[in-house]
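Participant: Would you mind keeping the following structure in view while I ask a few things?
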Amino acid sequence: MVVPSHIVAQNDKYALSEIWREIGVTYLATNMLTEAKNALETFVARRPFDSEGLYHLGKILKTQGETGRANEMFEQAIESSKNATNHRRQELKAWSKLAQKEI
239 MVVPSHIVAQ
249 NDKYALSEIW
259 REIGVTYLAT
269 NMLTEAKNAL
279 ETFVARRPFD
289 SEGLYHLGKI
299 LKTQGETGRA
309 NEMFEQAIES
319 SKNATNHRRQ
329 ELKAWSKLAQ
339 KEI
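Residue numbers for the sequence shown follow this note's numbering, beginning at 239 and rising by one.
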């Protein structure tokens with residue numbers, strides 16, 4: 239999802255705050271870990287049951303040596319996938335599997 243920065247400036251809750259997850263993932267891909275962590279923490283605070291966001295935040299935390307907190311994010315990602323509705327469970331299964339490998 240490509241969203242112009244002026245949209246974030248006008249409404250940082252655009253698209254159910256998913257913009258923050260996308261910003262975080264983009265920063266993560268460019269190894270800008272502090273910026274990625276900030277964006278993903280904003281996202282997870284607003285959407286604490288999003289398996290993908292939890293997984294990515296866990297990866298950053300693990301990279302930064304915050305193993306305990308990283309494992310909490312991975313556990314939450316797994317739990318979130320398990321508790322998803324039937325039609326979403328299959329879609330979220332990949333994030334659960336990735337999180338399980340990180341613990």
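Glycine included, each C-beta is placed from N, C-alpha and C at the ideal position.
Are Gly262 and Ala277 closer than 7 Å when you measure CB to CB?
Facilitator: The count along the sequence shown starts at 1 and reaches residue 262 at position 24. The count along the sequence shown starts at 1 and reaches residue 277 at position 39. Closer than 7 Å, so yes.
Participant: Does the structure place the segment 331-341 close enough to the segment 315-323 that three or more beta carbon pairs sit under 8 Å?
Facilitator: yes
Participant: Give a single yes or no on whether Asn276 has its beta carbon closer than 6 Å to a heavy atom of the ligand MG.
Facilitator: In terms of ligand content, the structure shown is empty, and the ligand MG therefore cannot be addressed.
Participant: What residue range does the alpha helix (DSSP H) around Ile341 cover?
Facilitator: As a working mapping, residue 341 is identified with position 103 in the sequence shown. Boundaries for Ile341: no alpha helix (DSSP H) harbours it, and the DSSP string shows neither H nor E there.
Participant: Assign Lys320 to one of two classes, buried (16 or more other C-beta atoms within 10 Å of its C-beta) or exposed (fewer than that).
Facilitator: Taking the sequence shown and counting its residues from 1, one reaches residue 320 at position 82. Flag for Lys320 reads exposed.
Participant: Give every residue of the same chain whose Cβ lies closer than 6 Å to the Cβ of Trp258, excluding the five residues on either side of it in the sequence, and list them in chain order.
Facilitator: The sequence position of residue 258 within the sequence shown is 20, counting from 1. Around Trp258: Ala277, Thr280, Phe281.
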